[in-house]
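Under numbering that gives the first Met the number 0, the first residue of the sequence shown is numbered 0, with each subsequent residue one higher. Just so you know, even glycine gets a beta-carbon here, dropped at the ideal spot from N, CA and C. From a predicted model like this one, the values you see are computed outputs, not experimental measurements. To keep things clear, I will list the structure first and then write my remarks on it.
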Amino acid sequence: MADPMTERRAAPRYPLILMAEVMDLLSSAKFTARTSDVSRKGCYIDMLNPLPRGTQIQVRLQSEREMVEPAATVIYVSPGLGMGVAFAENLSANHQATLDRWLATAAQANP
């Protein structure tokens, strides 16, 4: 039986560990975390205390010297484990190119 989360995804996700800084836009609280998988449309962020579903956040994803900073919304929560987030559509062309490069590398490493 197929994973129900996989069937709802708009873009393929790839195992990709990136440093993540998450900022709750309402409270300005910042959290340090990491991703476990990433797509063009969102990612899963490993956090012991994930933010509630619907929370508007700013995410800074970093790999070596490059970073991407999408606005995002928490779309699902796994208490004590992490949260799935959907990126906003307004990612700059430069940041989208960086994200696409990371994903291409991850896809080659995980065929």
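Inset, instruction - Specify, as a first and last residue, the run of the beta strand (DSSP E) that Ala-32 falls within. - result: The residue you call residue 32 lines up with position 33 of the sequence shown. Ala-32 -> beta strand (DSSP E) spans 29-37.
Legend entry - Own chain, CB closer than 7 Å to Asp-113, minus 5 neighbours either side, in chain order: Any property of residue 113 remains undetermined from this structure, which presents the chain solely from 0 to 110.
Inset, instruction - Count the other C-beta atoms from every protein chain shown that fall within 10 angstroms of the C-beta of Leu-80, then say buried if there are 16 or more, exposed otherwise. - result: Within the sequence shown, residue 80 is the residue found at index 81, counting from 1. Leu-80 comes out exposed.
Inset, instruction - Determine the direct distance from the alpha carbon of Ala-19 to that of Ser-27, and round the result to whole angstroms. - result: Position 28 of the sequence shown holds residue 27. Position 20 of the sequence shown holds residue 19. Roughly 15 Å between the two C-alpha positions.
Inset, instruction - Under 7 Å Cβ to Cβ from Ala-1, same chain only, skipping five residues before and after it: list those, please. - result: Translated into the one-based positions of the sequence shown, residue 1 becomes position 2. Because Ala-1 carries a pLDDT of 43, less than 50, the predicted location of this residue cannot be relied on, and the following value inherits that uncertainty. Same-chain partners within the cutoff: there are none.
Legend entry - Bridge partners - Asp-45, DSSP secondary structure assignment: Working through the sequence shown from its first residue, we reach residue 45 at position 46. According to DSSP, Asp-45 bridges with Arg-33 and Gly-81.
Inset, instruction - Select from Arg-39, Ala-70, Ala-87 and Ile-56 the residue whose C-alpha is nearest the C-alpha of Ala-10. - result: Numbered from 1 along the sequence shown, position 11 holds the residue referred to as residue 10. Looking at the Cα atoms, Arg-39 is the closest of the given residues.
Inset, instruction - Determine the DSSP secondary structure at Arg-100, reduced to helix, strand or coil. - result: As a first step, residue 100 is located in the sequence shown; it is residue number 101 there, counting from the start. Reduced to three states, the DSSP call for Arg-100 is helix.
Inset, instruction - With a cut-off of 8 Å on the beta carbons, I'd call Val-67 and Thr-54 a contact; round off their distance for me. - result: Along the sequence shown, one-based indexing puts residue 67 at 68. Along the sequence shown, one-based indexing puts residue 54 at 55. So it is not a contact: roughly 19 Å between Cβ atoms.
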